[in-house]
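Per our numbering, the sequence shown starts with residue 2, numbered consecutively. Note that CB positions come from ideal geometry on N, CA and C, so glycine has one too. Contents: one structure, followed by commentary.
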Amino acid sequence: MNKTRVKYSPFIALLLLIAQAGFSIPAGGRHVLFSEGNTDYQIVVDANASVGEKRAAGEIAKYLGEISGADFGIVNESGKADAEIVVGHAAASKLIELPKPDGKDEGFRIFNQGKRIFIVGGEEHGTLYGIYAFLEEFLGCRWYTSKVAVVPERDSFGFDEIDIRQKPAIQFRSVDYVDYWLPEVAVPNKNNAQFHGTQASPYIEQMWLEHSFRFFVPADECFGTHPEYFSLIDGERQKEVVRSDGRKMGTQLCLTNPDVLKRSIEGLRKYIREHPQYTVYNIAQNDNKNPCQCENCQKIVKREDAESGLMLWFVNQVVEAVEDEFPGKRFATFAYQYTRQPPRKIRPHKDLIIVLCSIECDYSHPFDHPNNVSFLEDLRNWQDLTDNILIWDYVVNFRHYFLPHPNFNVLQKNIQILRDAGVAAVLEQANGLGWGGEFGGLRGWVLAKLLWNPDADMRALIEDYINGYYQKSAPHILQYFDLVQSLATEDSFITYATKLDNPIFTSGFLEKANGIFDKAEASADNEEILHRVEVARLGVIYMNLMTDLGNSDKKAELCRLVEITSREKIVWSSEGGTMEKLVEKLRREIDGE
2 MNKTRVKYSP FIALLLLIAQ AGFSIPAGGR HVLFSEGNTD YQIVVDANAS VGEKRAAGEI
62 AKYLGEISGA DFGIVNESGK ADAEIVVGHA AASKLIELPK PDGKDEGFRI FNQGKRIFIV
122 GGEEHGTLYG IYAFLEEFLG CRWYTSKVAV VPERDSFGFD EIDIRQKPAI QFRSVDYVDY
182 WLPEVAVPNK NNAQFHGTQA SPYIEQMWLE HSFRFFVPAD ECFGTHPEYF SLIDGERQKE
242 VVRSDGRKMG TQLCLTNPDV LKRSIEGLRK YIREHPQYTV YNIAQNDNKN PCQCENCQKI
302 VKREDAESGL MLWFVNQVVE AVEDEFPGKR FATFAYQYTR QPPRKIRPHK DLIIVLCSIE
362 CDYSHPFDHP NNVSFLEDLR NWQDLTDNIL IWDYVVNFRH YFLPHPNFNV LQKNIQILRD
422 AGVAAVLEQA NGLGWGGEFG GLRGWVLAKL LWNPDADMRA LIEDYINGYY QKSAPHILQY
482 FDLVQSLATE DSFITYATKL DNPIFTSGFL EKANGIFDKA EASADNEEIL HRVEVARLGV
542 IYMNLMTDLG NSDKKAELCR LVEITSREKI VWSSEGGTME KLVEKLRREI DGE
C-alpha cells in the first residue's frame, strides 16, 4: 500500500478535517508518548498471547515508529517503569484487575492509568481493532484505499486521560469492493467478512455465497440427457427461456426430483472438500426467475404459500445430509426475487442462514419508505422463523458502474434500520469485479465505518475522506458529491440497475458537473491528485458519451475515457460488461456504423 506521508506542523488542513470528523488529537499533555524522534515507551504483549494480539503489538510498534521516528520496542514482560503500551488481556491482567473478554469479542477498550496505556479486547479481533482505532482516532492514520493510506508524521504526542470503549453494532460486516478483499484495507476498517476474492487473512471470514445450483447440476452438462432435472415451464422442461426483450435466461432445478437432491448433496460435499477455506457454503437458486411449475414442486409451493417453502424443503435436506461430515461449517440459501417471501410453516434448518436480498428496493429512499416497506415486512416474517438472517444489500448501479448513483442519503438510515430490527449480519454488495466505479473508495470507506457504528457522523466521514483523498481539489469534489446526492428527491426511484433515461439525469446536472470538474482538475496539487480527480470524473464522461444531455465532443470524450481507464487498469463498466466491449460499441456509434 502506498502511504501518504504527512508532517503535522505545516499540514493544518488535515488537523481541521480530523476535527471535523469528531476525532480528538491532543496537542500535548502531561504524559508524553514521543517527542522529537525519541520515546521512553515500550510495547508489552504476553509471550503466550494470541496470534491476533501479537499482530496488534507489531502493528502499533510499526506505525508509531513511522509516525514519530522513534523506536518502540516489543517486550513480553512489563518493566518497573510505567511508560508502556500494554496490548491484550494476558499482559494487562498482570498489572490490573480486568474482566477477560470472550476470545471472539470484537469490542475493545483503550484507557490509561497514569502514563501506561492499555489496549484490550477479544483475542481474535478485538485487540487488533483497538490498535487501529488508537492510530486512527488519536494519531490521524487513515486507510482510505489499497493505494492511499495516511500515516502522519508528528513531532510529538502527549495525553492526559484516555478512555474509549467500542463494540460493533453489526457483528458480521462485509463491504464488497475489491479493496475490502485485501486485509491491509479491510482489517483497519474493521470489515470482517467477504464472499469474493482469495483471502489470506485470519481476520476476514470467507464465505461461498454463489448461485450454486448451476455448480451442482450444470445445464450444459445435464440437460441433454436429463431434461427432467430442470424447470417445467409452460408444459415443457426448459434449459433456458427467452425474455420479451430477447435476452436468454436460464431456469431452475426441479427440486422434487430425487436425483437432483442426490447430485446436489454430492456436489456440495465435493465442493467443501476441495474448498475447505470457507466457513459458509451456499445452497441456492440460479440467478433467474424461472422456477419449476411441475405438479410435485407446486404442491409444496401451494402448501407453504411461497416458492421459498419449496426451496427450504429442498435445502434443509441437503444440510441434514452433509452437516455431520463437516462440523463447524455453516450453510446458507437466498431469499431472493421469487423466494424472498417467507413460507407459511416450514422453518430453516438450525444451521442454515437466510440471505435476504433487497434487490427490488428503491435506493433513493430508506427501507422504511412506502416504496420499500414490503422488504421490511418480509424481514419481520423471516425473523419469526429464524434468527440466522444475513441482509444482502445493493449499493451501486450494476448496469452502469460509472453512472452517478445518489444513494449516500440512505446508507446510514438503512443500516440503522437493520440494526434496530436486530439484524446482526449485513453484506453490502458493490463493485466486486475490479477497481473503478462511481465514488467506489468513498462509498466503501463510509460503509465500513457505518457497519461498525451506524450512529457515526456520516457527513464528517464523507468530508474526512474527500479532504484527505483529493486534497486541494476537495472543495470541488465535495460540491460535485452534493450535486449528485441532490438528484434523489421524494419523487425519484433508483434501483440496483438504474437506466440512463431515468428522469433524475438532466442536461442542467451534466452542465454543472462538467464545470465543477474543470475547476477540480485545475486545482489538483500534483499529477497523482489529478489522476484521482479524473477517476471521479468518469461518471460525467460516461454520461457525456452515453446520453445526449450534453454538447461535448464525443470523440474527445471517448479518448479521455480510454486514457483514464487504461491508465487505472479499470476493466469493468458494468456487472458482466467489460471496458473493451463498451469502447468498441461507442466507437461504432460515434462513427455511425
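Given a length threshold of 4 residues, each whole run of the alpha helix (DSSP H) inside the region 230 to 312 is given here in chain order: 259 to 275 and 296 to 305.
Burial check for I355: the Cβ neighbour count within 10 Å reaches 16 or more, so the residue is buried. S36 is a Cβ neighbour of D156, given a cutoff of 8 Å.
DSSP links G578 through a beta bridge to S575. If you ignore the 5 residues before and after D369, its C-beta comes within less than 7 Å of the C-beta of L377 and I418, all in its own chain and listed in chain order. Residue environment analysis places M250 among the exposed positions, since fewer than 16 neighbouring C-beta atoms fall within 10 angstroms of its C-beta.
When DSSP states are grouped into helix, strand and coil, G509 belongs to the helix group. Its chain contains L404, H406 and T499 as the residues whose beta carbon lies nearer than 6 Å to that of N398, once the 5 sequence neighbours on both sides are disregarded; these appear in chain order. One Cα belongs to E590, the other to V584, and the distance between them is close to 10 Å. Of N287, I273, Y230 and D554, the smallest CA-CA separation from T257 is found for Y230. In summary, C255 is buried, with 16 or more beta-carbon neighbours lying within 10 Å of its beta-carbon over all protein chains present. The three-state secondary structure of C358, taken from DSSP, is strand.
Our two residues, Q207 and A194, have alpha carbons roughly 6 Å apart in a direct line. Taking the Cα positions, D41 is about 12 Å away from G80.
Taking the Cα of R174 as reference, the smallest distance to any Cα among V424, D161, V485 and I530 is reached at V424. Counting only unbroken stretches of 3 or more residues, the beta strand (DSSP E) elements lying wholly within the region 539 to 575 are 573 to 575, in sequence order. At the C-beta level, E124 and G38 stay beyond 8 Å of one another. Comparing alpha-carbon positions, the option among L562, V534 and I530 lying closest to N545 turns out to be L562. Note on geometry: alpha-carbon atoms of A514 and D483 lie some 11 Å from one another.
Fully enclosed alpha helix (DSSP H) runs of no fewer than 4 residues occupy 409 to 421 of the region 384 to 421, in order along the chain. For the 8 Å CB-CB criterion, E305 and R270 do not form a contact. Annotation: V572 to K148 spans about 17 Å, alpha carbon to alpha carbon. Boundaries of the beta strand (DSSP E) harbouring S157: S157 to F160, taken from the DSSP string.
Comparing alpha-carbon positions, the option among E162, T252 and G122 lying closest to A220 turns out to be T252. Look at W314 here: in three-state DSSP terms it is helix. The region 377 to 389 and the region 451 to 465 do not touch, with fewer than three beta-carbon pairs separated by less than 8 Å.
Taking the Cα positions, D519 is about 11 Å away from L531. G74 and G30 have their C-alpha atoms some 22 Å from each other. Measuring C-alpha to C-alpha distances from G236 to each of E296, K290 and I273 identifies E296 as the nearest.
I120 has V88 and I111 as its beta-bridge partners, per DSSP. Of all alpha-carbon atoms in P292, V261 and L210, the one lying nearest the alpha-carbon of V281 is that of L210. Nearest in C-alpha terms to F139, of all of S487, G122, R533 and I165, is I165. Less than 8 Å separates the beta-carbon of A431 from that of V396.
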